[in-house]
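Peer 1: In the numbering used here, the protein residues as written are 8 to 801.
Note that CB positions come from ideal geometry on N, CA and C, so glycine has one too.
Pasting in a structure now, in structure tokens, and then I'll have a few things to ask.
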């Protein structure tokens with residue numbers, strides 16, 4: 008098989024006699040191949056293998072983990088990783104092995120991991136001296152001792168089982184040492200070739216292989232920081248000695264012990280427990296974001312109202328998903344490590360021994376997230392700097408192989424969330440690889456009606472959210488502003504057009520965006536006044552949307568109008584001036600319709616729908632952003648939105664970014680900035696280490712869309728924004744009135760600049776390389792050619 012066509016005929020294998028109709032969301036399978044290696048190759052000579060699986064794998068060489076994948080993607084593009092196994096080979100006998108998690112293609116499994124109709128594992132060796140490509144010489148078996156906790160056993164108090172990755176394990180002594188070269192696999196079966204090919208039929212493989220487009224995620228060793236509380240047979244000081252100095256803990260026979268371990272900041276990490284002895288011992292590991300008010304129940308068949316307060320207070324109760332492990336191997340040293348990483352700030356370990364004591368030798372962690380190289384570093388006083396640091400930590404935990412809404416509950420990539428996370432990343436780093444991957448995935452998700460799928464990639468057919476397609480257009484616009492890549496913009500213009508055409512077809516006789524298809528979820532925001540008890544899919548949108556007298560939500564027309572203006576910019580940038588003019592004309596028509604039908608009797612506020620006296624902050628904000636109201640009227644409207652919060656349903660954290668943007672557009676940003684920061688001050692007062700999803704319910708403590716202070720500090724406080732799309736110029740317009748002293752190095756596509764000022768002195772600007780800077784300060788604008796190391800004071 009030549010190196011040029013290996014991907015077209017990649018040797019996929021699987022276990023024989025496989026049936027998927029077993030009503031399990033996922034199952035584990037083991038593959039291994041022993042081989043001899045002479046050890047005569049040069050130490051710098053590579054031995055590359057390409058590897059992939061359906062659905063996920065972890066690859067080992069001589070028992071050492073060397074790759075985890077394949078990178079999340081969609082059915083039209085199946086990724087593989089390329090690994091150099093040369094550093095892990097030894098002269099003589101070697102073994103390469105893989106553990107594969109196969110999510111069912113017919114039973115609901117992970118909502119963010121795709122499975123094709125055909126399971127498979129693939130490894131291709133590029134080195135003829137190491138003939139280990141997957142074929143029938145590989146040995147394989149199902150690992151029946153590990154089960155994904157089925158949906159019937161899920162604790163629905165936590166909400167839906169989106170991730171389906173918690174495990175129930177009964178250790179199998181037969182598999183001890185299965186990753187070692189000397190392990191006897193004679194009882195295993197020979198693998199069978201997997202293919203959907205039919206003789207003389209032009210059928211292509213389910214797996215259209217493509218190299219991984221982003222870096223592998225690091226797994227950085229770390230540990231717990233302390234003991235929050237403990238009970239049972241082991242005193243707290245013994246647990247602390249285990250955490251701080253690695254002193255083993257012994258749980259006597261016939262006893263129980265429980266410990267709650269903590270880390271200083273919420274993290275995403277792989278967890279590993281190493282122990283010996285303890286035949287029959289049962290271990291339960293619970294993962295939680297924080298302690299909560301005790302609801303009086305451990306589990307429930309439905310979500311229950313939950314209460315969170317001080318996240319550093321350990322007086323409440325931990326609620327979260329669990330893994331289960333039963334020891335069956337007697338005195339030998341063994342370990343438990345779930346296949347997928349976990350998200351937590353607190354981990355509760357409950358151990359119950361039977362006839363033998365169990366020695367817990369070690370509890371270790373390996374933190375993992377996308378390795379973004381952050382160039383922007385700022386200090387803007389104690390409060391703003393702390394807000395900055397928590398914002399970065401929030402983004403870090405919501406960034407892995409995709410952008411994630413929350414790492415704890417879902418790990419889904421939504422278009423609305425991702426648009427903001429991508430934008431914030433552009434203000435931190437030149438690395439846009441994950442952003443490019445995200446845009447490509449949403450582009451590939453296009454449906455027959457012209458929309459993109461609201462959350463993608465997805466392993467489940469979930470409800471569509473029509474408005475989220477508009478955020479795809481905004482994310483393309485953001486990339487244009489920062490990177491000026493005309494080829495990328497042109498690639499996605501067809502999707503932009505189809506999305507806008509969908510909304511144009513939804514216009515009613517009034518010229519407003521009407522209702523969407525009945526089976527969709529027209530989600531706008533988490534707003535307590537909009538909740539319909541027991542009917543989540545009729546919640547999260549203005550009640551006017553369902554009102555017979557209205558039959559439309561004003562915000563949908565305003566969001567569409569605002570997006571048309573962004574789409575017009577994309578078309579102008581790409582030379583499509585006629586289409587740009589068309590989109591601006593469509594926006595004009597929408598704005599006229601809104602001003603005709605959606606201004607109420609309450610002091611000129613925009614109503615939530617035509618003909619109803621219902622109001623929210625949302626309609627006012629997007630009236631400003633869509634330029635439906637401008638000038639002094641926009642400024643007055645914005646002030647009322649902020650100064651009278653109790654009289655209007657408020658935008659949640661998800662929409663606070665757009666509240667800031669409306670304040671900027673209306674020219675009142677400096678007036679309202681510190682007032683708009685109150686939600687983040689409140690979260691800091693409750694000792695969150697990441698920003699919560701919203702203030703409506705006590706769900707996720709880490710949500711990427713809440714990290715908008717990154718944008719505010721970079722583009723408003725320091726005032727650093729890119730120039731015109733594709734132009735090698737930086738615009739700097741700091742708002743000194745917001746903070747007395749500030750200093751920071753800020754990355755932009757045109758170069759890195761240092762911006763600083765003191766209490767009384769001028770604004771100082773410095774660059775690391777030659778760059779053109781447009782500085783706006785003190786009522787004047789100066790265009791300066793900065794040379795490296797030169798400081799300009801304005």
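Distance, Cα to Cα, residue 788 vs residue 560?
Peer 2: If I take the Cα positions, the gap works out to 42 Å.
Peer 1: I'd like to check one pair, residue 41 with residue 102: are the Cβ atoms closer than 7 Å?
Peer 2: It is a contact, given that the beta carbons lie within the stated cut-off.
Peer 1: Measure the alpha-carbon distance for residue 120 versus residue 231 and round it to whole angstroms.
Peer 2: So the alpha carbons of these two residues sit roughly 29 Å apart.
Peer 1: Do the segment 259-267 and the segment 359-369 meet, that is, are 3 or more Cβ pairs less than 8 Å apart?
Peer 2: Yes, the segment 259-267 touches the segment 359-369.
Peer 1: Go ahead and label residue 404 buried or exposed: buried means 16 or more other beta carbons lie within 10 angstroms of its beta carbon, across all protein chains shown.
Peer 2: The residue is buried, with at least 16 neighbouring Cβ atoms inside 10 Å.
Peer 1: DSSP on residue 169, reduced to helix/strand/coil?
Peer 2: The answer is coil: DSSP assigns residue 169 none of H, G, I, E or B.
Peer 1: Just mark residue 39 as buried or exposed, buried being the case when its beta carbon has 16 or more other beta carbons within 10 Å.
Peer 2: Classification of residue 39: buried, given that the 10 Å Cβ count is 16 or more.
Peer 1: For residue 805, name the three-state secondary structure that DSSP assigns.
Peer 2: The question about residue 805 has no answer, for the chain in this structure spans 8 to 801.
Peer 1: With 16 as the cutoff for other CB atoms within 10 Å, does residue 118 come out buried or exposed?
Peer 2: Buried, by the Cβ-count rule.
Peer 1: Leaving out five residues on either side along the sequence, give the residues of the same chain with a beta carbon under 6 Å from the beta carbon of residue 765.
Peer 2: Cβ neighbours of residue 765 beyond the five flanking positions: 748.
Peer 1: Alpha helix (DSSP H) containing residue 500: first to last residue?
Peer 2: Taken as a continuous stretch (DSSP letters only), the alpha helix (DSSP H) holding residue 500 covers 493-511.
Peer 1: Under 7 Å between the Cβ atoms of residue 85 and residue 224?
Peer 2: It is not a contact, given that the beta carbons lie outside the stated cut-off.
Peer 1: State the Cα-Cα distance for the pair residue 196 and residue 372, rounded to the nearest angstrom.
Peer 2: Rounded to the nearest angstrom, the two C-alpha atoms are 34 Å apart.
Peer 1: Count the other C-beta atoms from every protein chain shown that fall within 10 angstroms of the C-beta of residue 777, then say buried if there are 16 or more, exposed otherwise.
Peer 2: With fewer than 16 other Cβ atoms within 10 Å, it is exposed.
Peer 1: To the nearest angstrom, how far is it from the Cα of residue 552 to the Cα of residue 558?
Peer 2: Looking at the two C-alpha atoms, the distance is approximately 5 Å.
Peer 1: Below 7 Å between beta carbons: does that hold for residue 374 and residue 229?
Peer 2: In this structure, residue 229 lies closer than 7 Å to residue 374 by Cβ.
Peer 1: So the candidates are 480, 489, 461 and 67; which of them puts its Cα closest to the Cα of residue 507?
Peer 2: Comparing Cα-Cα distances from residue 507 to each of 480, 489, 461 and 67, the minimum goes to 480.
Peer 1: Classify residue 63: buried if its beta carbon has 16 or more other beta carbons within 10 angstroms, exposed otherwise.
Peer 2: By the 10 Å Cβ count, residue 63 comes out buried.
Peer 1: Helix, strand or coil for residue 279, going by three-state DSSP, please let me know.
Peer 2: If DSSP states are grouped into helix, strand and coil, residue 279 belongs with the strands.
Peer 1: Note the first and the last residue of the continuous alpha helix (DSSP H) segment covering residue 672.
Peer 2: Element bounds for residue 672: 660-673.
Peer 1: Please state whether the Cβ-Cβ distance between residue 471 and residue 455 is less than 7 Å.
Peer 2: Cβ distance not < 7 Å, so residue 471 and residue 455 don't count as in contact.
Peer 1: With distances taken between CB atoms, is the gap from residue 756 to residue 489 smaller than 7 Å?
Peer 2: Yes, they are a contact pair.
Peer 1: For the beta strand (DSSP E) that contains residue 218, what are its first and last residues?
Peer 2: Taken as a continuous stretch (DSSP letters only), the beta strand (DSSP E) holding residue 218 covers 216-218.
Peer 1: Using a Cβ-Cβ cut-off of 6 Å (strictly less than) and excluding sequence neighbours within five positions of residue 624, which residues of its own chain qualify?
Peer 2: For residue 624, where only same-chain residues beyond five positions count, the Cβ hits under 6 Å are 648, 655, 657 and 658.
Peer 1: When burial is assigned at 16 or more other CB atoms within 10 Å of the CB, is residue 8 buried or exposed?
Peer 2: With a pLDDT of only 42 at residue 8, under 50, the local geometry of the prediction cannot be trusted, and the value read off the model is given with reservation. Under this definition residue 8 is an exposed residue.
Peer 1: Whole beta strand (DSSP E) runs in the segment 13-95 with 3 or more residues, listed along the chain?
Peer 2: Here the runs fully enclosed are 19-21, 33-44, 55-61, 63-68, 71-76 and 85-91.
Peer 1: May I ask which residues mark the beginning and end of the alpha helix (DSSP H) holding residue 444?
Peer 2: Counting along the chain, the alpha helix (DSSP H) containing residue 444 begins and ends at 440-451.
Peer 1: So the candidates are 125, 59, 639 and 68; which of them puts its Cα closest to the Cα of residue 25?
Peer 2: Out of 125, 59, 639 and 68, 125 has the C-alpha closest to the C-alpha of residue 25.
Peer 1: Going by beta carbon distance, what residues of the same chain come within less than 8 Å of residue 352, once the five residues before and after it are set aside?
Peer 2: The residues are 269, 270, 272, 273, 274, 295, 296, 297, 318, 696 and 708.
Peer 1: I need the straight-line Cα distance from residue 425 to residue 193, nearest angstrom please.
Peer 2: Cα to Cα, the separation comes out at about 48 Å.
Peer 1: Answer yes or no: do residue 401 and residue 698 have a C-beta to C-beta separation smaller than 7 Å?
Peer 2: Against a cut-off of 7 Å, the Cβ pair of residue 698 and residue 401 comes out as a contact.
Peer 1: Let me know if residue 593 comes out buried or exposed under the rule of 16 or more other beta-carbons within 10 Å of its beta-carbon.
Peer 2: The residue is buried, with at least 16 neighbouring Cβ atoms inside 10 Å.
Peer 1: In this structure, how does DSSP classify residue 196 when only helix, strand and coil are distinguished?
Peer 2: If DSSP states are grouped into helix, strand and coil, residue 196 belongs with the strands.
Peer 1: With distance defined between alpha-carbon atoms, name the residue in 336, 388 and 235 nearest to residue 724.
Peer 2: The shortest C-alpha separation from residue 724 is found at 388.
Peer 1: Could you check if residue 15 is buried or exposed, using at least 16 other CB atoms within 10 Å of its CB as the buried criterion?
Peer 2: So residue 15 counts as exposed.
Peer 1: Please state the DSSP three-state secondary structure of residue 274.
Peer 2: Of the three classes helix, strand and coil, the one that applies to residue 274 here is strand, per DSSP.
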